[in-house]
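Counting in my numbering, the sequence shown runs from 438 upward without gaps. Cβ atoms here follow ideal geometry from the backbone N, Cα and C, with glycine treated the same way. Here's the structure, in structure tokens; my notes come after.
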Amino acid sequence: GRPATGTEAPAAGSPEEIREALTGIMDVPPVSLEYEVVNTDRNIGTRLSGRVAEIYGNNGLPEGTINITLRGSAGQSFGCFLAGGVRLHLIGEGNDYVGKGMAAGEIIVESPKTMHPEFIAAENSIVGNTVLYGATGGRIFVNGRAGERFCVRNSGATAVCEGVGDHGCEYMTNGLAVILGITGKNFGAGMSGGTAYVYDVDGRFQSRINPEMVVALPVQRQQDIEEAKALIEDHGARTGSVRSAYLLDDWDSAVRKLIRVIPKERAELERQEEQHEAASQPATVK
438 GRPATGTEAP AAGSPEEIRE ALTGIMDVPP VSLEYEVVNT DRNIGTRLSG RVAEIYGNNG
498 LPEGTINITL RGSAGQSFGC FLAGGVRLHL IGEGNDYVGK GMAAGEIIVE SPKTMHPEFI
558 AAENSIVGNT VLYGATGGRI FVNGRAGERF CVRNSGATAV CEGVGDHGCE YMTNGLAVIL
618 GITGKNFGAG MSGGTAYVYD VDGRFQSRIN PEMVVALPVQ RQQDIEEAKA LIEDHGARTG
678 SVRSAYLLDD WDSAVRKLIR VIPKERAELE RQEEQHEAAS QPATVK
């Protein structure tokens with residue numbers, strides 16, 4: 438059956454179904470549910486997450502305890518305020534505010550495998566604007582493009598998508614974003630924390646950032662290379678992303694087109710640390 442809206446019933450299914458899923462959840466195997474959705478189904482996962490937090494506190498449940506697969510077009514605020522242990526897997530498309538305020542858990546938005554053979558996920562929007570607005574934790578994998586203000590005011594969540602509109606990572610204070618496609622203009626405006634890795638498809642990303650508070654750097658440090666690669670691998674494993682597979686097939690070439698965006702202050706601190714480490718190394722005797 439279809440889930441009721443967030444104003445009428447928790448997450449997906451009836452209140453009775455969700456209550457049954459949560460009863461003694463620590464003593465049973467993970468719960469898996471499947472539903473169809475339409476775009477009037479708003480706030481899916483919100484009341485469920487509230488119930489999880491009410492019973493189990495801020496830490497929520499172990500990862501992957503409640504797994505809900507949904508097919509169709511989800512309404513606004515899909516996965517809003519998501520709690521730990523809840524995984525929402527949407528095969529279809531999301532609206533605005535996906536993952537708004539999410540604290541933990543995982544959201545996967547996947548393009549249906551029934552799409553036309555010439556359909557290119559990285560060139561098509563699959564979620565709307567202001568994804569992860571004010572999120573503090575959790576992870577989201579989007580098998581396609583997002584709209585404007587992706588990760589706006591993100592304060593700790595991890596996100597992977599395949600392109601964004603204008604104002605990406607605006608006012609971001611913490612967290613991690615990996616964007617495997619073209620971005621809009623004004624990227625990183627007001628970004629005071631966190632990290633973004635951007636695959637510079639057309640070589641023009643540098644012209645799209647807002648240079649007031651951030652810098653765009655090549656991905657050269659081993660720790661950064663490993664961090665970006667691990668998330669691209671996770672993205673491919675969860676969504677079947679063609680773009681992820683393409684990058685990983687020729688990783689040496691792909692990493693040369695990756696750009697790391699961080700606040701200027703952190704870039705300066707890293708520069709000073711590198712200078713200090715270099716100065717502390719013993720001189721090489723020739």
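{"Query": "Residue of E543, H553, M552 and T551 minimising C-alpha distance to T573", "Result": "E543"}
{"Query": "Span separating the alpha-carbon of N623 from that of V635", "Result": "14 Å"}
{"Query": "Span of the beta strand (DSSP E) around L507", "Result": "I503 to S510"}
{"Query": "Pair within 7 Å by beta-carbon distance, V546 and I557", "Result": "no"}
{"Query": "Option nearest N746 by Cα separation, candidates I481, R697, E555 and T676", "Result": "Only positions 438 to 723 of the chain appear in this structure, which leaves residue 746 out of reach."}
{"Query": "Expected contact under 8 Å - CB spacing of G536 and V568 to nearest Å", "Result": "6 Å"}
{"Query": "Cβ neighbours of D637 in the same chain (closer than 7 Å, five flanking residues each side left out)", "Result": "K694 and I696"}
{"Query": "Which of helix, strand or coil DSSP assigns to A704", "Result": "helix"}
{"Query": "Bounding residues of the beta strand (DSSP E) (the contiguous stretch that carries S592)", "Result": "S592 to C598"}
{"Query": "Proximity of G600 and G618 at Cβ, strictly below 7 Å", "Result": "yes"}
{"Query": "Short Cβ contact (7 Å threshold) for I577 with A559", "Result": "no"}
{"Query": "N- and C-terminal bounds of the beta strand (DSSP E) containing H526", "Result": "V523 to E530"}
{"Query": "Any beta strand (DSSP E) of 3 or more consecutive residues that is wholly inside the region 638 to 707", "Result": "651 to 655 and 695 to 700"}
{"Query": "Extent of the continuous beta strand (DSSP E) to which L485 belongs", "Result": "Not the beta strand (DSSP E): L485 falls in the alpha helix (DSSP H), residues T483 to Y493."}
{"Query": "Cβ separation of G521 and L498, assumed to be a contact under 8 Å, to the nearest whole Å", "Result": "6 Å"}
{"Query": "DSSP three-state assignment for A572, whether helix, strand or coil", "Result": "coil"}
{"Query": "Range covered by the beta strand (DSSP E) that runs through A540", "Result": "First-last for A540: undefined, no H or E at that position."}
{"Query": "Beta strand (DSSP E) segment containing V474, residue limits", "Result": "V468 to V474"}
{"Query": "6 Å CB neighbourhood of F518 in its chain, flanking five on each side removed", "Result": "T483, S486 and G538"}
{"Query": "Candidates R508, D533 and R590: closest to K550 by CA position", "Result": "R508"}
{"Query": "Heavy atom of the ligand ADP within 6 Å of F624 beta-carbon", "Result": "The ligand ADP is absent from the structure shown, which contains no ligand whatsoever."}
{"Query": "For E560, three-class secondary structure by DSSP", "Result": "helix"}
{"Query": "V465 classed as buried or exposed, judged by whether at least 16 other C-beta atoms fall within 10 angstroms", "Result": "Caution applies to V465, whose pLDDT of 48 falls short of 50 and renders its modelled position unreliable; the model cannot decide the point."}
{"Query": "Close Cβ partners of D661 (< 7 Å) along its chain, the five nearest in sequence each way excluded", "Result": "R697"}
{"Query": "Reduced DSSP secondary structure (H/G/I, E/B, other) of E607", "Result": "coil"}
{"Query": "Residues of its chain near L745, where Cβ-Cβ distance is below 8 Å and the 5 sequence neighbours each way are ignored", "Result": "Residue 745 lies beyond the stretch modelled for the chain, which goes from 438 to 723, so this question has no answer here."}
{"Query": "Close-in-space but distant-in-sequence residues of the same chain around T610 (CB under 6 Å, 5 per side omitted)", "Result": "S592, S629 and G630"}
{"Query": "Cβ-based burial, V526 [other Cβ within 10 Å; buried from 16]", "Result": "Per the sequence presented here, residue 526 reads as His, with Val not at that position. Buried, by the Cβ-count rule."}
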